[in-house]
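Be aware that the sequence shown starts at 26, since it is given in the working numbering, and climbs by one per residue.
Structure first, then comments.
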Amino acid sequence: MYRNVAAYRAQEAAYQAEEAAYRAEEEGAQQERGSPEDPGSQWFDHEAGPLVRPYAMTGGRTTAGPQGVRLDLIALVSLDPAAPGTHDDPALGPEHNAIIALCRIETQTVAELAAGTDLPVGVVRVLLGDLLEQGCVTVSRPVPPAQLPDEKILREVIDGLRAL
């Protein structure tokens, strides 16, 4: 039993020494910067950048555009290069420009844009609604299942191709 207590105390002392060294290093770095850290930013390091809530990016809106366009996750979004505002428009926010930059590379789905910009899908839908209103992007909606060809017809086509 004594060995466990001694090992625990030794481990605790090592931990406290490591914590003290870390605090001293942080205080030294803080003095080099010349300004005290904001107490509200203790949870984030300097590499995290500013924290902006999703409702701030969309202005509190939760639907895409005034007509409430509903964008599916698999809707294809492509950039209209001739449209005004597709070349780093200062009127657009950085999130809008990030979506435009991703669409400039290739046509993407709404889900891919959300992953590429590291934004929630709901925010991307609202931002895409803004870009649709300005005519910067075009959206190709997926084909509804009722309009897809019948499975029997597809099998007959495949069988006919194999017969060739």
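The beta carbon of each residue, even a glycine, is placed where N, CA and C say it ideally should be.
Enclosing alpha helix (DSSP H) for residue i [first to last residue]
i: Val149; result: 146 to 159
i: Val135; result: 135 to 142
i: Arg187; result: 176 to 188
i: Arg78; result: Here Arg78 belongs to no alpha helix (DSSP H), and DSSP marks it neither H nor E.
i: Glu120; result: 119 to 130
According to DSSP, residues forming a beta bridge with residue i
i: Val164; result: Val102
For residue j and residue i, believed in contact at Cβ under 8 Å, the rounded distance
i: Asp97; j: Pro167; result: 6 Å
Exposure of residue i, with buried meaning 16 or more beta-carbon neighbours within 10 Å
i: Leu179; result: exposed
i: Ala100; result: buried
i: Leu152; result: buried
i: Pro61; result: Reliability of the predicted coordinates at Pro61 is poor, the pLDDT of 49 falling under 50, and the value obtained from them is presented with this limitation in mind. Exposed, by the Cβ-count rule.
i: Gly185; result: exposed
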